[in-house]
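According to my numbering, the sequence shown is numbered sequentially starting from 1.
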Amino acid sequence: MKRIFLVMFILTLCCGLLFTGCGGQQSGGEEAAGEPEGSAAEEKVFELSFVSEYMDKHPTVINGFMPWIKSIEEKSGNRIKITYYNPNTLCPQKDTFDSTISGMVDIGSSYCGYYPGKFPLNELMELPLIVPGAEAGSLVTWELYKKYPQWQEEFKGTKMLWQWASATFQLHTTQKQVKTLEDLKGMKIIGWTPKVLEVLRLLGANPIEMTGTDTYLALERGTAEGVLCPLAPVRSYKISDAAKYHTIVDIMVGPFFAVMNQERFDELPADLQQLFEETTGEKMAQISGKTLDEGAISDSQWLKENGHEFYVLPEEERARWFEAVKPMHEKWISEMEAKGYDFAREIYHDALRLSEEIGQRTGRGYQE
1 MKRIFLVMFI LTLCCGLLFT GCGGQQSGGE EAAGEPEGSA AEEKVFELSF VSEYMDKHPT
61 VINGFMPWIK SIEEKSGNRI KITYYNPNTL CPQKDTFDST ISGMVDIGSS YCGYYPGKFP
121 LNELMELPLI VPGAEAGSLV TWELYKKYPQ WQEEFKGTKM LWQWASATFQ LHTTQKQVKT
181 LEDLKGMKII GWTPKVLEVL RLLGANPIEM TGTDTYLALE RGTAEGVLCP LAPVRSYKIS
241 DAAKYHTIVD IMVGPFFAVM NQERFDELPA DLQQLFEETT GEKMAQISGK TLDEGAISDS
301 QWLKENGHEF YVLPEEERAR WFEAVKPMHE KWISEMEAKG YDFAREIYHD ALRLSEEIGQ
361 RTGRGYQE
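What follows is the structure, given as structure tokens:
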């Protein structure tokens, strides 16, 4: 009898432990099931591609784009991961905008001039002698983007992150220092784009159309006497081996954009969307332009150290050059008005006003 009672007691005890253990596993399982759900929501990583027309060694990438990438990744708690790609990797360089719309690229930046007729209002920034430097040009471009819905409409289908302007174009010559319009008259000067060629014609030069990579040989052989371009390619294309004279006139800039695929932006949580808003816009416009001005200053210092001569066009002479290219301004206004942009003259004067105001605090891409 005692043996039967002992066996029943042991069986009861074992069953109790068994059910208690099962209950504990079930409770722990519910908690475990709940934790990954919350953890997954918190730790989901959004991996984004970023392709630009700048190589990863470009100063704007090193001092502008990469610090922004690092900052937004850290501020997101590493929920955003952005990988930078060099041009012509994810898509052809001149297809960046359309590739961003289609989703082939998550974030794309490029030069507006690669898309003739696509960004007519942005072409305003390519008019000669509008802005004194890249930083000023970048901030003017961004202010115009914010003010005019028609400007924003040119980037329809994407999420605009920021815009900026290229380094300013200067005159580089082989035989003599150009100080006046009279000095430039009849000189064979290379231009790389139709707009640059038009500027040269209005200034009285004999424009020669040529690519950047062919410029050095033309200058070296004497088939051309100079080139109108930013300072950076003077070094990178070895133009500095032939052109020893540089006239700082800040002729023109080119407008750029950085946009994001709209669907990729929309799928981000609200806090990450806000993070993009807070870290781009005017902040990145200014940073991008400033890196280009600083790069131009560095290039000019290097050229001076290597025996090159610089001449800064005085304001009085610059005013003469402005009058010489004024027909190009009026032509743009007339063409835009003919296309239905009845505010063309208004936005043109806005650009001039903003350039004067902003240029006083940003300076230019050259230092004595």
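Cβ atoms here follow ideal geometry from the backbone N, Cα and C, with glycine treated the same way.
Here the structure is a predicted model, which is why all the values come from computation and not from measurement.
Whether residue i touches residue j by CB criterion (8 angstroms)
| i | j | result |
| --- | --- | --- |
| residue 76 | residue 65 | no |
| residue 112 | residue 256 | yes |
| residue 258 | residue 139 | no |
| residue 168 | residue 134 | yes |
| residue 73 | residue 82 | yes |
| residue 173 | residue 262 | no |
| residue 219 | residue 324 | no |
| residue 249 | residue 171 | yes |
| residue 106 | residue 318 | no |
| residue 124 | residue 150 | no |
| residue 231 | residue 296 | yes |
| residue 68 | residue 260 | no |
| residue 292 | residue 141 | no |
| residue 329 | residue 240 | no |
| residue 116 | residue 199 | no |
| residue 348 | residue 333 | yes |
| residue 212 | residue 245 | no |
C-alpha gap between residue i and residue j, whole angstroms
| i | j | result |
| --- | --- | --- |
| residue 118 | residue 98 | 11 angstroms |
| residue 306 | residue 54 | 26 angstroms |
| residue 192 | residue 228 | 8 angstroms |
| residue 178 | residue 322 | 16 angstroms |
| residue 362 | residue 93 | 30 angstroms |
| residue 90 | residue 365 | 32 angstroms |
| residue 126 | residue 43 | 44 angstroms |
| residue 302 | residue 271 | 45 angstroms |
| residue 226 | residue 188 | 7 angstroms |
| residue 314 | residue 164 | 26 angstroms |
| residue 30 | residue 103 | Low local confidence applies: a pLDDT of 40 at residue 30 is under 50, so the model's placement there is unreliable, and no value is given. |
| residue 166 | residue 247 | 18 angstroms |
| residue 175 | residue 183 | 11 angstroms |
| residue 368 | residue 233 | 20 angstroms |
| residue 355 | residue 147 | 15 angstroms |
| residue 190 | residue 208 | 5 angstroms |
| residue 299 | residue 57 | 15 angstroms |
| residue 269 | residue 281 | 19 angstroms |
| residue 335 | residue 131 | 21 angstroms |
| residue 48 | residue 114 | 24 angstroms |
| residue 26 | residue 274 | Residue confidence for residue 26 is low, a pLDDT of 38 falling below 50, so the modelled location carries little weight; the figure read from the coordinates is stated next. When rounded, the distance between both Cα atoms is 40 angstroms. |
| residue 276 | residue 360 | 29 angstroms |
| residue 310 | residue 304 | 8 angstroms |
| residue 156 | residue 320 | 39 angstroms |
Buried/exposed call for residue i, threshold 16 Cβ in 10 Å
| i | result |
| --- | --- |
| residue 45 | exposed |
| residue 78 | exposed |
| residue 88 | exposed |
| residue 144 | buried |
| residue 376 | No answer is possible for residue 376: the residues shown for the chain start at 1 and end at 368. |
| residue 331 | exposed |
| residue 286 | buried |
| residue 223 | exposed |
| residue 290 | buried |
| residue 100 | buried |
| residue 180 | exposed |
| residue 96 | buried |
| residue 242 | buried |
| residue 197 | buried |
| residue 338 | exposed |
| residue 71 | exposed |
| residue 186 | exposed |
Residues bridged to residue i (per DSSP)
| i | result |
| --- | --- |
| residue 172 | 227 and 246 |
| residue 310 | 246 |
| residue 85 | 51 |
| residue 46 | 80 |
| residue 109 | 258 |
| residue 209 | 191 |
Residue ranges of each beta strand (DSSP E) run of no fewer than 3 residues wholly in the stretch 111-168, ordered along the chain? Complete beta strand (DSSP E) runs here, min 3: 158-165.
Could you name each continuous alpha helix (DSSP H) segment of 4 residues or more that falls completely within the stretch 255-342, going from the start of the chain to the end? Taking 4 residues as the minimum length, the alpha helix (DSSP H) runs contained wholly in the stretch 255-342 are 262-266, 270-279, 282-305 and 315-338, in order along the chain.
If we require 3 or more residues per run, which beta strand (DSSP E) segments fall completely within the stretch 175-205? 188-191
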